[in-house]
């Protein structure tokens with residue numbers, strides 16, 4: 100057992116406890132960035148002028164009329180930018196563009212004494228556009244060869260030879276839509292400049308350091324002149340990893356120009372039309388199986404819809420490529436990837452970060468091919484699981500591969516899957532208009548940032564003379580319970596009760612050069628950094644104590660008078676990682692997180708409407724740092740994944756009309772999130788036993804993203820339920836999202852199908 | 002638990018009583034939402050998540066007369082993002098901050114916190130308010146008939162159908178709701194229920210070139226509505242969206258939501274008269290299951306917080322082709338009673354009411370007073386709503402049925418359709434094709450094709466035209482499958 104993973108007796112980690120801010124949440128007293136606005140004097144409010152074209156050159160921008168609107172204080176344009184007019188991480192995103200690249204892009208921003216004044220002022224600004232051709236869909240982009248960034252490939256073995264020898268070869272296409280993060284809190288920033296010119300930006304950002312850097316380069320300042328703080332976020336899900344940056348920059352620019360606090364808070368419509376989403380993907384594939392249903396080869400090309408700029412599209416694509424295998428051994432494999440450039444929002448991080456899209460390809464293949472092979476999908480999946488000692492297509496050994504089988508067998512047993520499958524068959528035989536189905540799918544998800552350099556973190560731990568402890572770390576809290584876990588880690592490491600430890604908001608002047616709170620890595624990285632800081636302090640205290648076993652408060656007091664420093668900066672970097680992005684080989688992940696879900700659905704043959712009757716999950720969180728938090732991540736991730744796969748439906752106007760490129764589902768009334776009606780009616784979640792992870796803090800595992808992909812079980816169950824409306828043995832193609840309409844057409848096709856010839860090649 | 006908001010005996014006309022404190026209306030215009038009003042005063046627990054009453058992050062409690070018409074007060078959850086602050090003048094509001102404090106949590110807050118009901122916490126204050134409203138519902142009682150939407154504590158999960166959470170997946174929130182007991186007898190909010198709810202006083206608020214007026218009675222409302230700029234507003238569940246999302250800034254708002262003349266529900270031998278100013282929740286509670294098809298309808302109409310504000314008058318007044326009530330009311334053969342100063346009362350069959358996209362026969366100055374449903378209700382009735390999401394969604398297609406079967410044949414039938422034309426329509430061709438025919442699978446299969454061809458459905462973000470047409474036909478098959486046998 101590594102020192103990092105070793106857990107002392109009576110540890111505070113491992114205790115189930117509510118979110119550290121739960122009492123503040125439920126009483127409405129938890130403060131989010133925009134709640135600061137009424138608490139700040141003299142705030143100016145910002146409103147954007149948004150492009151009504153998907154692609155156009157701005158030929159004239161006439162801002163003067165805005166000043167005729169009472170309460171308008173200032174219009175921000177490119178001319179106000181003292182530094183670099185760019186808010187992207189790849190320097191391809193002008194903050195104030197001369198050519199608009201998507202419908203809804205911000206052209207300029209109006210600052211007003213009230214939001215109403217700013218809004219009215221923006222309405223008065225005159226912009227002339229010269230419309231240009233726009234690409235809206237992946238297929239349009241592929242046809243036009245409109246790509247951006249690198250076009251990586253990964254693989255192993257001779258795919259053509261393996262396909263030639265395969266007993267069964269199938270080919271097809273899989274297309275999947277993106278997903279709006281729809282954090283309940285839209286993007287918000289509040290910026291002020293102090294007497295010394297220090298810019299202070301409070302921002303709903305998952306990546307304060309990067310927000311700081313973007314603000315600094317827009318303002319032409321060094322990083323030390325900009326401080327970014329994130330109190331907490333009302334959800335992030337990846338949507339605030341890079342997307343907060345332009346709005347923080349606008350607020351900071353406004354504050355610099357006017358000398359007053361400036362607030363940027365996007366309305367829902369602005370947020371959903373301006374900020375990036377999960378990438379939609381297209382995959383073309385050829386797959387080979389041997390005559391016992393074992394995968395022998397896969398050849399696939401993934402094309403993601405990157406939108407108008409690169410943003411995080413390359414690493415998202417990389418993770419997609421690294422997850423096409425999911426939990427399955429594919430001896431010969433070739434994966435190509437490319438990012439389409441379209442005239443839409445610049446798609447970005449969203450929980451899973453390409454992993455779900457990559458994995459959906461193989462799950463779609465298995466779901467479609469199982470009937471063609473005449474093999475029960477349950478058997479087909481289990482038959483193809485990795486075995487210990489096998490490597491991923493990018494050459495990383497699959498450590499703890501057995502955990503998928505263990506979790507699978509546990510789900511089958513506790514979920515009573517065999518008996519229920521029989522019951523479902525009986526139900527379906529007795530009901531012509533309603534069909535049920537149960538499907539089981541696995542998850543294997545790599546933990547760590549693909550890019551090795553991001554796998555580092557810092558923390559600051561203060562012990563005050565009275566024995567109380569204040570911790571600060573580089574991770575941000577967006578509801579995932581990171582701060583709860585970090586408090587538990589600090590209390591455990593210092594050996595003090597939880598009540599002695601407080602946590603201060605995330606700020607760039609406390610811990611510098613942080614990585615985004617992303618890739619599920621928040622607890623692994625920051626927890627280890629906090630533990631490191633705490634251990635420096637406890638080592639010094641041990642010397643003071645010298646075996647006397649003094650009580651904490653007494654020991655601390657004595658240490659102070661002995662002139663022993665009671666604070667420490669902690670640091671951690673994940674060891675053992677290496678990744679060669681040019682050949683797509685290496686060990687990018689510290690470990691894999693595993694899980695298995697069984698979902699039972701019921702589909703109405705008249706309408707395609709469905710409900711999720713029961714879900715059983717066994718998920719691997721290592722030795723949990725905080726079981727209630729982890730349970731929340733598993734359940735919440737699952738439902739969010741089910742939303743992506745079945746309900747949430749981003750629609751752009753792809754007609755040639757005047758609104759081409761407009762997002763038509765830009766409100767909660769048209770972009771439907773899962774509600775209570777989508778919650779599994781019977782939801783049973785267990786964590787995998789005996790799951791100590793040697794490579795992570797206190798033996799735990801990351802849990803933020805992997806459970807989202809457990810929702811493939813819902814999609815596969817829907818596919819099987821659709822098939823149950825038709826003759827036995829048919830393969831059902833199901834779009835993603837599988838909305839009621841999509842399910843209806845799938846089951847209607849099945850209903851009209853004739854029985855296929857039995858497979859017998 | 003925090004102190005209650007206090008029992009008000011004298012009407013307040015220049016403030017809103019929030020968490021027991023009088024909050025003055027300085028700086029408030031007719032277009033200032035209740036949410037912005039609260040937040041500007043530092044009560045930032047209620048949040049804006051969508052500004053259209055979909056997410057419920059803005060939910061707060063208002064002291065209202067009980068929806069079932071009994072005396073006393075009912076804590077009612079509403080969307081603060083939709084109604085104007087002016088509409089709350091003289092009323093009592095409780096927010097999540099007022100229910101409890103971190104050191105003294107309200108039972109709802111306690112259950113939500115302990116069970117992991119909050120993650121990011123942003124939607125939580127709204128959930129807490131909606132949950133508290135159901136916690137205090139006077140006729141909520143433990144029941145052994147717990148099912149998918151009711152806990153054995155009598156908690157109706159539909160109370161939370163207007164609240165969205167993006168983090169938890171809802172299970173812990175449901176468990177928190179189902180774990181609630183009855184309020185202790187000395188619970189101040191429970192005690193408060195026995196006293197009368199404040200009656201919104203006549204008010205006039207001006208600002209930003211606009212006025213909000215709450216008239217004292219129907220006659221005064223009708224007089225005001227003759228003004229060229231006047232717009233009637235009840236629950237603002239539609240108008241609030243227009244203001245928040247589409248920049249509409251009506252110059253003269255006339256509040257008609259608490260006018261007694263619009264709030265009667267009367268059973269007569271041959272008809273049921275439903276006041277157009279009653280909220281959907283009030284109608285639901287006052288009908289108390291006497292018209293079964295309406296029980297199938299109410300829970301599908303938006304969400305509980307919306308139903309707590311929305312009125313039938315509003316749903317018909319907007320003239321929307323996708324309103325939920327017209328298809329059913331068309332099927333039930335309802336009439337609309339319009340009233341104005343100029344023309345007095347007139348009664349219009351709903352069939353003749355809609356004239357075009359969001360256009361009706363209602364003239365400027367006219368108000369919908371009542372909806373009249375003829376009795377008895379036909380023996381075979383149904384309401385089918387096709388939407389992406391089961392709770393709180395806008396229909397792609399909605400179908401209302403009322404038919405009579407005598408001696409195995411369809412003797413009379415009315416079918417109302419929504420979402421397949423510029424207005425809600427009657428499916429006349431289908432009705433003609435069904436009338437007189439044997440009520441059999443063969444008839445249904447043949448006539449389903451006629452129904453599928455009704456209207457002129459379009460493709461939009463909710464569904465394709467093809468799906469809409471298919472759903473019409475399928476709807477008749479579903480009706481027969483569910484209600485055909487044995488008739």
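Residue numbers (this note's numbering), protein chains in the order written: chain A, 100 to 860; chain B, 2 to 488.
We put the beta carbon where it would ideally sit given N, CA and C, even for glycine.
All values reported here derive from a predicted model rather than from experimental measurement.
| Check | Outcome |
| --- | --- |
| Do residue 545(A) and residue 683(A) count as a contact pair if the criterion is CB distance below 8 angstroms? | no |
| Tell me whether residue 314(B) sits in a helix, a strand or coil according to DSSP, three-state version. | helix |
| Would you list, in chain order, the members of the stretch 380–400 of chain B that have their beta-carbon closer than 9 angstroms to a beta-carbon of chain A? | 385, 387, 388, 389, 390, 391, 392, 393, 394, 395, 397 |
| Which of the three DSSP states is assigned to residue 80(B) in this structure? | strand |
| Closer than 7 angstroms by beta-carbon distance: list the chain B residues that pair up with residue 250(A), in chain order. | Within 7 angstroms Cβ-Cβ: nothing; residue 250(A) doesn't reach chain B, min ~33 angstroms. |
| Going along chain A, which residues have a C-beta under 7 angstroms from residue 103(B)? | 122, 123, 126, 128 |
| With DSSP as the reference, label residue 579(A) as helix, strand or coil. | coil |
| Closer than 8 angstroms is the cut-off here; do at least three beta carbon pairs connect the stretch 131–138 of chain A with the stretch 170–187 of chain A? | no |
| Mind checking residue 429(B): buried by the 16 CB within 10 Å criterion, or exposed? | exposed |
| Looking at C-beta atoms only, is the number of pairs between the stretch 153–166 of chain B and the stretch 207–220 of chain B that lie closer than 8 angstroms three or more? | no |
| Give me the DSSP bridge partner(s) of residue 228(A). | 157(A) |
| Quick check on residue 629(A): does DSSP put it in helix, strand or coil? | helix |
| Name the two residues that bound the continuous beta strand (DSSP E) containing residue 442(A). | Neither: residue 442(A) is in no beta strand (DSSP E) and is coded neither H nor E. |
| Looking at chain B, is there any beta carbon in it that lies within less than 8 angstroms of the beta carbon of residue 746(A)? | yes |
| Between which two residues does the alpha helix (DSSP H) harbouring residue 736(A) extend? | 726–745 |
| Going by C-alpha distance, which of 314(A), 332(A), 215(A) is nearest residue 168(B)? | 332(A) |
| Over the uninterrupted alpha helix (DSSP H) stretch that includes residue 189(A), give me the two end residues. | It is not in any alpha helix (DSSP H) - residue 189(A) carries neither H nor E in the DSSP assignment. |
| Let me know if residue 660(A) comes out buried or exposed under the rule of 16 or more other beta-carbons within 10 Å of its beta-carbon. | exposed |
| Can you tell me whether DSSP reads residue 491(A) as helix, strand or coil? | coil |
| Please identify, using Cβ separations under 9 angstroms, the residues of the stretch 569–603 of chain A that lie next to chain B, in order along the chain. | 576, 577, 578, 579, 580 |
| Going by the beta-carbon positions, is the gap between residue 102(B) and residue 125(A) smaller than 8 angstroms? | no |
| Which class does residue 440(B) belong to by DSSP, given the choice of helix, strand or coil? | coil |
| How is residue 302(A) classed by DSSP in three states: helix, strand or coil? | strand |
| Is residue 771(A) close to chain B, meaning its C-beta is less than 8 angstroms from at least one C-beta of that chain? | yes |
| What in chain B is Cβ-close to residue 679(A), meaning under 7 angstroms? | Within chain B, no residue comes near residue 679(A); the closest Cβ sits about 37 angstroms away, beyond 7 angstroms. |
| For chain A, find out if any of its Cβ atoms is closer than 8 angstroms to the Cβ of residue 441(B); answer yes or no. | no |
| Does the Cβ-Cβ distance between residue 339(B) and residue 223(B) come in under 8 angstroms? | no |
| With residue 1(B) and residue 385(B) assumed to form a contact (beta carbons below 8 angstroms), what rounded beta-carbon distance in angstroms separates them? | There is simply no residue 1(B) to check, as chain B begins at 2 and stops at 488 in what is shown. |
| Answer with buried or exposed for residue 380(B), where buried requires no fewer than 16 other C-beta atoms within 10 angstroms of its C-beta. | exposed |
| Go to residue 375(B), then tell me how far its alpha helix (DSSP H) extends in each direction, as first and last residue. | Run containing residue 375(B): none in the alpha helix (DSSP H); it sits in the beta strand (DSSP E), 368–375. |
| Sort out for me which residues DSSP pairs residue 85(B) with in a bridge. | 34(B) |
| For residue 727(A), which residues in chain B fall below 7 angstroms Cβ to Cβ? | 117 |
| Using a Cβ cut-off of 9 angstroms, which residues of the stretch 702–725 of chain A contact any Cβ in chain B, in chain order? | 703, 704, 705, 706, 707, 708, 710 |
| In this structure, how does DSSP classify residue 484(B) when only helix, strand and coil are distinguished? | helix |
| Name the chain A residues that come within less than 7 angstroms of residue 125(B), Cβ to Cβ? | 124, 125 |
| Which class does residue 470(A) belong to by DSSP, given the choice of helix, strand or coil? | helix |
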